[in-house]
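Chains as they are written, first to last, in the working numbering: chain A, 1 to 103; chain B, 104 to 206. Okay, structure first, notes after.
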DNA sequence: AATCATTTTTCACTTAAAGTGAGAAAGTAA
DNA sequence: TTACTTTCTCACTTTAAGTGAAAAATGATT
């Protein structure tokens with residue numbers, strides 16, 4: 001699943017994969033935690049987006065952080081939350097930061 | 104205020120200084136965010152304790168983190184939250200970690 | 001030891017964040 | 001225009017953070 005790195009996925013599929021409600025993904029977007037590309041009105045999530053979200057969920061549900069704190073850490077650019085995570089998540093995070101800077 | 108580093112202060116004074124309810128300090132203690140020394144039943148907070156609590160409050164109210172996330176970061180020993188704070192807070196943090204290891 | 005004063009603890013309440021359900025609105029395609 | 005799908009909005013639920021009030025516990029005083 002999600003092998004082709006150029007491919008992108010619609011919200012329902014991503015929500016199912018992450019085990020969250022699609023409303024939750026809209027909610028995260030409101031806080032700029034993720035910025036899916038849009039073709040027409042539809043949202044499409046890249047593999048990096050999904051990696052990143054997966055890591056955010058882990059921080060929240062396995063480690064116990066909350067949304068706001070993760071956003072704070074991102075804004076501080078501490079890279080704190082990334083010191084103990086696999087390389088592909090670091091890639092996802094950098095990708096996320098790049099997207100943030102775009103607007 | 105709180106100049107003598109050997110001195111320690113009762114909970115009401117500390118609460119007033121930090122602008123919190125003393126119940127809040129008991130609450131933090133429940134999560135081992137601070138471990139005041141006790142003489143008899145009374146709690147006494149050192150200057151380092153107070154520094155540390157002041158920084159925790161700043162993380163919460165100026166930066167927007169929540170209690171649980173701060174506790175997570177402490178447990179991870181990331182020193183993340185300390186990369187952008189004054190030396191005396193680092194001292195307070197190290198002091199706090201030492202205290203934690205005592206029990 | 002009995003009383004008093006103070007600190008601590010417990011219970012229950014308030015407020016706000018995180019998340020979600022239902023349905024309205026809006027866009028797309030036939 | 002109609003049917004379908006995605007997005008958006010409103011309102012609700014649940015849980016963390018914090019606090020008030022009062023009970024319980026403890027140390028001090030007589």
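By construction, the Cβ of each residue, glycine as well, lies at the ideal position given by its N, Cα and C atoms. Model, not experiment: these values are computed from the prediction.
Less than 7 Å between CB atoms is the rule here; does residue 163 of chain B satisfy it with respect to chain A?
Counting from 1 along the second chain, the entry for residue 163 of chain B is found at position 60. It does not; no Cβ of chain A falls within 7 Å.
So residue 8 of chain A and residue 61 of chain A are in contact, right, with Cβ under 8 Å, and what is the actual spacing, rounded?
In the first chain, residue 8 of chain A corresponds to position 8, counting from 1. In the first chain, residue 61 of chain A corresponds to position 61, counting from 1. Going by Cβ atoms, the distance from residue 8 of chain A to residue 61 of chain A rounds to 25 Å, so no, they are not a contact pair.
Taking residue 65 of chain A as the query, report the chain B residues whose CB atoms sit under 9 Å from its CB, ordered along the chain.
Within the first chain, residue 65 of chain A is the residue found at index 65, counting from 1. The contacting residues are 168, 169, 171, 172, 175 and 176.
Kindly list the residues whose CB is nearer than 6 Å to the CB of residue 35 of chain A, restricted to its own chain and excluding five residues on each side of it in sequence; keep chain order.
The residue given as residue 35 of chain A occupies position 35 in the first chain. Closer than 6 Å at the Cβ level, and outside the excluded window around residue 35 of chain A, lie 99.
To the nearest angstrom, report how far apart residue 37 of chain A and residue 12 of chain A are at their CA atoms.
Numbered from 1 along the first chain, position 37 holds the residue referred to as residue 37 of chain A. Numbered from 1 along the first chain, position 12 holds the residue referred to as residue 12 of chain A. Those two C-alpha atoms are separated by around 15 Å.
Going by alpha carbons, who is nearest to residue 17 of chain A out of A:90, A:69 and A:57?
Taking the first residue of the first chain as position 1, residue 17 of chain A is located at position 17. The shortest C-alpha separation from residue 17 of chain A is found at A:57.
Can you tell me whether residue 152 of chain B is buried or exposed, with buried defined as 16 or more other CB within 10 angstroms of its CB?
By 1-based counting over the second chain, the position of residue 152 of chain B is 49. Result: buried.
Under the three-state reduction of DSSP, which class applies to residue 42 of chain A: helix, strand or coil?
Indexing the first chain from 1 puts residue 42 of chain A at position 42. Three-state result, residue 42 of chain A: strand.
Of the choices A:10, A:32, A:21 and A:25, whose alpha-carbon is the least far from that of residue 71 of chain A?
Taking the first residue of the first chain as position 1, residue 71 of chain A is located at position 71. The residue with the shortest Cα to Cα distance from residue 71 of chain A is A:32.
Run through the region 44-70 of chain A for me and flag every whole alpha helix (DSSP H) of 4 or more residues, listed as ranges in chain order.
Segments of the alpha helix (DSSP H) lying fully in the region 44-70 of chain A: 47-61.
Do residue 87 of chain A and residue 51 of chain A have their C-beta atoms closer together than 7 Å?
Counting from one through the first chain, the residue named residue 87 of chain A turns up at place 87. Counting from one through the first chain, the residue named residue 51 of chain A turns up at place 51. Cβ atoms of residue 87 of chain A and residue 51 of chain A: not closer than 7 Å.
Taking just the CA atoms, how far does residue 74 of chain A sit from residue 166 of chain B?
For this step, residue 166 of chain B is matched to residue 63 along the second chain. For this step, residue 74 of chain A is matched to residue 74 along the first chain. Residue 166 of chain B and residue 74 of chain A: Cα-Cα distance of roughly 12 Å.
Pick out whichever of B:129, B:124 and B:170 has its Cα sitting closest to the Cα of residue 145 of chain B.
Within the second chain, numbered from 1, the residue matching residue 145 of chain B stands at position 42. Residue 145 of chain B has its Cα closest to that of B:129, out of B:129, B:124 and B:170.
Apart from the five residues just before and just after residue 157 of chain B, which ones in its own chain have a Cβ nearer than 7 Å to its Cβ?
On the second chain, residue 157 of chain B is found 54 positions in, with the first residue counted as 1. Within the same chain, residue 157 of chain B has close Cβ partners 121.
Alpha carbon to alpha carbon, how far is residue 118 of chain B from residue 125 of chain B? Give it in angstroms, no decimals.
Sequence index remark: in the second chain, residue 125 of chain B carries index 22 (1-based). Sequence index remark: in the second chain, residue 118 of chain B carries index 15 (1-based). One C-alpha to the other measures close to 5 Å.
Within 10 Å of its beta-carbon, does residue 142 of chain B have 16 or more other beta-carbons around it, so buried, or fewer, so exposed?
By one-based count along the second chain, residue 142 of chain B stands at place 39. The residue is exposed, with fewer than 16 neighbouring Cβ atoms inside 10 Å.
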